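Shown next, in structure tokens, is the structure this report addresses.
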Amino acid sequence: MKTRQSKSAEPPQRARGSVPELWQGIAPESWQDWRWQLSHRLNTVDDFAQIVRLTPNEIEGLSAPGHFRVDVTPYFASLMDADDPNCPIRRQIIPTAQELVPFSAEMVDSLSEDAHSPVPGLVHRYPDRVLMLVTTQCASYCRYCTRSRIVGDSSVQFSRRDYDRQIEYIAQNSQIRDVLLSGGDPLTIPQRVLEDLLRRLRAIPHLEIIRIGSRVPVFLPQRITPELVEMLRQFHPLWMNVHFNHPKEITAEVSVALARLADAGIPLGCQSVLLAGVNDCPNVMKELCHKLVMNRVRPYYLYQCDLVHGAGHFRTPVATGIEIMEALRGHTSGYAIPTYVIDAPGGGGKVPVMPNYVISQSADKVVVRNYEGYISAYTQPEQYTRHDPKQCPACQARALENKETGQQGVSALLAGEKLSLVPEGFTQTHERLAQMKTVALEGDAVQLNGRVAATFAASAANGNGNGDF
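To convert a position in the sequence shown, counted from 1, into our numbering, add 1.
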């Protein structure tokens, strides 16, 4: 019986004819060398003009003073359609004039990461996990980058002293169980530096999970070498979130890189950004999700594009994301469906935004619909002994840990630990309103007393002061 070829087996590389003429003479071993790829990145009008027919719109974007950094590996640039300015690969990496147009809602730091940084480069937004920024450099630069305020700036970099302060903060806060390494791209820093960071983090007793967020497998799959993977597998449980936006990004080279990571026991998830003209199509997104699953990558998040300068032309209405989710749920496997989220401006964190499948509910029934519009009622249990946090060992242990109770949110309401969540300034506002109401009532009483006195005086003058009033 024939068995399917293992995913770990390396598929044949793309034919040399599919590589632009500019690089046809490059030796295969150079093309597969990630260092060669990084040292030959494209970043100017002249560079890109050698492989695509640039439009005036693209030339203006590339020539603009002070534009967000441009650097594209030859490998990723080779995926562009030379004749189509709407090519989904091309739109993600070549700036256009639209990038220079501000929009009303844009922010420098739309996620308020700087406001949640107890030490430089460390974002502590959620109670039990932190984001550790380890570099400002990437293999290539996405035109919609949410950290364009710092990413790509060669004069801004995190030092050994910054790493020391970040790790010290994590070690001193026992509620932190999960660290995400990001930046920039952690897989662009020297391997010995990354290994040292992972070893120091793994030595922290209360740290359970280490994650790496990277787009290197997309921009520079040649970097995922056996040596790098052997180093990473020392630090399990280690997870990795990769960043694919379009099925065209999943090539034979990428499949090799993903197979190496998966074979090393590293669970892979994908974070995609919803981008106008790139993947704002239900069929494109479904194809991407299917290709990811075939490469053992779990679709994790579909992000609504952040409110950062330069990304205005990439933004879609939220309704577009809802439409895509409607086209996925029920039409493909559950594990091939990401969670659609808005990273709430101002530091609110990721908010799931999904189609509503619950139509109505009562004490007895819940009315739900499926992806086809089929509506049915689910019967609630007649008897149910509610979970009692006071009798639950897990809840009691959590209370003893005295972790950040201020971030419990709605779960605290459901658990009966709080009766309300009070917005900032709520009490002061309503105290003021109560005072205003008292003053208003007192004023009405004065006016009423004045009218009574005037009426009584008029009655007396007319000889009607006998109580007929």
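We put the CB at the ideal spot given by N, CA and C, even for glycine. No experiment lies behind these values; they were computed from the predicted model shown.
With 16 other CB atoms within 10 Å as the buried threshold, where does residue i fall?
{"i": "VAL255", "result": "buried"}
{"i": "ASN284", "result": "exposed"}
{"i": "PRO300", "result": "buried"}
{"i": "CYS88", "result": "buried"}
{"i": "PHE427", "result": "exposed"}
{"i": "ARG42", "result": "buried"}
{"i": "SER160", "result": "exposed"}
{"i": "PRO191", "result": "exposed"}
{"i": "PHE77", "result": "buried"}
{"i": "SER149", "result": "buried"}
{"i": "ALA245", "result": "Per the sequence shown, the amino acid found at residue 245 is Phe instead of Ala. Flag for PHE245 reads buried."}
{"i": "THR136", "result": "buried"}
{"i": "TYR142", "result": "buried"}
{"i": "PRO339", "result": "buried"}
{"i": "LEU415", "result": "exposed"}
{"i": "LEU401", "result": "exposed"}
{"i": "TYR164", "result": "buried"}
{"i": "LYS292", "result": "buried"}
{"i": "ILE376", "result": "exposed"}
{"i": "ASN296", "result": "buried"}
{"i": "VAL102", "result": "exposed"}
Let me know the secondary structure DSSP gives residue i once reduced to three states.
{"i": "LYS351", "result": "strand"}
{"i": "LEU449", "result": "Low local confidence applies: a pLDDT of 47 at LEU449 is under 50, so the model's placement there is unreliable, and no value is given."}
{"i": "LEU182", "result": "strand"}
{"i": "SER473", "result": "The chain is shown from 2 up to 470; residue 473 falls before or after that span and cannot be answered."}
{"i": "ALA172", "result": "helix"}
{"i": "LEU303", "result": "strand"}
{"i": "VAL152", "result": "coil"}
{"i": "ARG166", "result": "helix"}
{"i": "ILE343", "result": "strand"}
{"i": "THR147", "result": "coil"}
{"i": "VAL319", "result": "helix"}
{"i": "ARG161", "result": "helix"}
{"i": "LEU329", "result": "helix"}
{"i": "ALA312", "result": "coil"}
Whose C-beta lies closer than 6 Å to the C-beta of residue i among residues of the same chain, with five residues either side of it excluded?
{"i": "PRO86", "result": "THR56"}
{"i": "GLU250", "result": "VAL219"}
{"i": "VAL217", "result": "ALA140, ASP186, LEU188, ARG224"}
{"i": "VAL368", "result": "ILE360, SER361, ALA378"}
{"i": "ALA265", "result": "VAL230, ARG234"}
{"i": "GLU327", "result": "PRO356"}
{"i": "PHE104", "result": "GLY313"}
{"i": "LEU199", "result": "PHE236"}
For residue i, which residues in the same chain have their Cβ closer than 7 Å to its Cβ, ignoring the five residues on either side in sequence?
{"i": "ASP84", "result": "ARG54"}
{"i": "LEU449", "result": "Residue placement at LEU449 is flagged as unreliable, the pLDDT there being 47, under the threshold of 50; the coordinate-derived value follows with that caveat. Answer for LEU449: no residue qualifies."}
{"i": "CYS396", "result": "PRO390"}
{"i": "MET232", "result": "GLN192, GLU196"}
Below 8 Å on the Cβ atoms is my guess for residue i versus residue j; work out the distance and round it to an integer in Å.
{"i": "VAL180", "j": "ILE151", "result": "Not a contact, Cβ separation roughly 19 Å."}
{"i": "VAL298", "j": "LEU269", "result": "4 Å"}
{"i": "PRO346", "j": "LEU303", "result": "With 8 Å as the limit, PRO346 and LEU303 do not qualify as a contact, their Cβ atoms being about 18 Å apart."}
{"i": "SER215", "j": "ASP197", "result": "That pair is no contact at about 18 Å."}
{"i": "ARG166", "j": "VAL120", "result": "4 Å"}
{"i": "PRO75", "j": "TRP24", "result": "6 Å"}
{"i": "MET241", "j": "ILE213", "result": "5 Å"}
{"i": "GLN392", "j": "ILE343", "result": "The pair is not a contact, with the Cβ atoms about 37 Å apart (cut-off 8 Å)."}
{"i": "LEU275", "j": "THR321", "result": "7 Å"}
{"i": "SER183", "j": "LEU221", "result": "Contact flag wrong, Cβ pair sits at about 16 Å."}
{"i": "LEU112", "j": "GLY348", "result": "6 Å"}
Return the chain-ordered list of same chain residues with a C-beta closer than 8 Å to the C-beta of residue i, the five sequence neighbours on each side being excluded.
{"i": "LEU63", "result": "THR45, VAL46, PHE49, LEU55, VAL71, ILE95, PRO96"}
{"i": "LEU80", "result": "ILE90, LYS249, GLU250, THR252"}
For residue i, is the beta carbon positioned less than 8 Å from some heavy atom of the ligand MG?
{"i": "GLY348", "result": "As for the ligand MG, it is missing from this structure, which has no ligand bound."}
Enumerated in chain order, which unbroken segments of the alpha helix (DSSP H) with a length of 4 residues or greater are wholly contained in the stretch 62-130?
75-78, 89-94
Quick one: complete beta strand (DSSP E) runs, 3+ long, within the stretch 377-432?
For the stretch 377-432, not a single whole beta strand (DSSP E) run of length 3 or above is found.
Any beta strand (DSSP E) of 3 or more consecutive residues that is wholly inside the stretch 174-244:
179-183, 210-215, 239-243
Return the chain-ordered ranges of every beta strand (DSSP E) run that is complete within the stretch 255-310 and spans a minimum of 3 residues.
269-275, 298-305, all fully within the stretch 255-310.
Tell me the start and end of each unbroken alpha helix (DSSP H) in the stretch 19-45 that is at least 4 residues and wholly inside, in chain order.
29-32, 35-40
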